[in-house]
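Residue numbers (my numbering): 2 to 295.
Report on one structure; see the data block that follows.
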């Protein structure tokens, strides 16, 4: 009996010892990865993404979001991958301070016509060999680095500067540091408009001379009674019905009075909050449509 127990324990110990190693050995090692393989890995991780290719066709980009972070994975070559995320700017000496303590990712300071910003990057060289698990861990570890850098950023940012006038460049910098892709154009009245998306909803921001900002989102028309009912239960937005040239629609709107000054932090919060408002109103209209079909 004792001998049998010893054999069972020995077999169990052997299984525990070689099990993980056997699993690791079963994971295929490769020294090149195709864009299709990157795409498959993202799908395995249940990550929704948008892909694009450079004009020369030699670089491939995969843009996706994890929590509040907008991330880009760049496939430079079959042996080179990089993850990056854009953040607000901070003094270059603070960027260097981060780089003295980090082990994997690196931060860099940038400045263009819209203002200052920083980028956190994490590269992976697979020319020496990698597995599918390596790439998955590469992505997962970067998410941890993002949270650490975000915390570092919050602890080291100087107080928000009050903008006497909200310029278009300032707005572009806010979009950039939030990782929000946008398109801008002037309307016939000379008002700059920025089209972008938050929570998968198409939004538009209007800049009225740097003193008044407005956000709106368009939805399928609901009745005036339904619009009024929604307005009664909300604090900072309004629902309005419009008759366009060819179609009637319902708009969700919100203004920000910047006459007395505003900070980038205030505008950033306003934009993200409106994204949540658009999501909530979309759910409201969907419930109305479902009820109407019953």
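All C-beta atoms, glycine included, are put in the ideal place defined by N, C-alpha and C.
Element boundaries [beta strand (DSSP E), containing residue i]
i           : result
residue 63  : 61-67
residue 53  : 50-54
residue 77  : 70-78
residue 242 : 239-244
Range of the contiguous alpha helix (DSSP H) that encloses residue i
i           : result
residue 184 : Per DSSP, residue 184 belongs to no alpha helix (DSSP H); it is in the beta strand (DSSP E), 183-187.
Residue i in three-state terms, based on DSSP
i           : result
residue 122 : strand
residue 249 : strand
residue 22  : For residue 22, the predicted structure reports a pLDDT of 43, less than 50, and the residue's modelled location is therefore unreliable. A value from the coordinates is still provided. Helix at residue 22.
residue 257 : strand
Cβ-based burial, residue i [other Cβ within 10 Å; buried from 16]
i           : result
residue 278 : buried
residue 94  : exposed
residue 276 : buried
residue 240 : buried
residue 146 : buried
residue 265 : buried
residue 23  : Note that residue 23 scores 40 on pLDDT, short of 50, meaning its location in the model is unreliable and no value can be drawn from it.
residue 251 : buried
residue 139 : buried
residue 102 : exposed
Through-space distance from residue j to residue i, alpha-carbon basis
i           : j           : result
residue 63  : residue 232 : 39 Å
residue 47  : residue 41  : 10 Å
residue 201 : residue 181 : 11 Å
residue 141 : residue 88  : 19 Å
residue 164 : residue 211 : 9 Å
residue 220 : residue 39  : 35 Å
residue 53  : residue 218 : 26 Å
residue 133 : residue 124 : 16 Å
residue 128 : residue 83  : 14 Å
Cross-strand partners of residue i (DSSP beta bridge)
i           : result
residue 110 : 119
residue 219 : 252
residue 198 : 203
residue 208 : 193 and 214
residue 163 : 264
residue 88  : 119
residue 131 : 31
residue 82  : 76 and 125
Residue i: CB within 7 Å of a non-hydrogen atom of the ligand HEM
i           : result
residue 101 : The model depicted lacks the ligand HEM and carries no ligand whatsoever.
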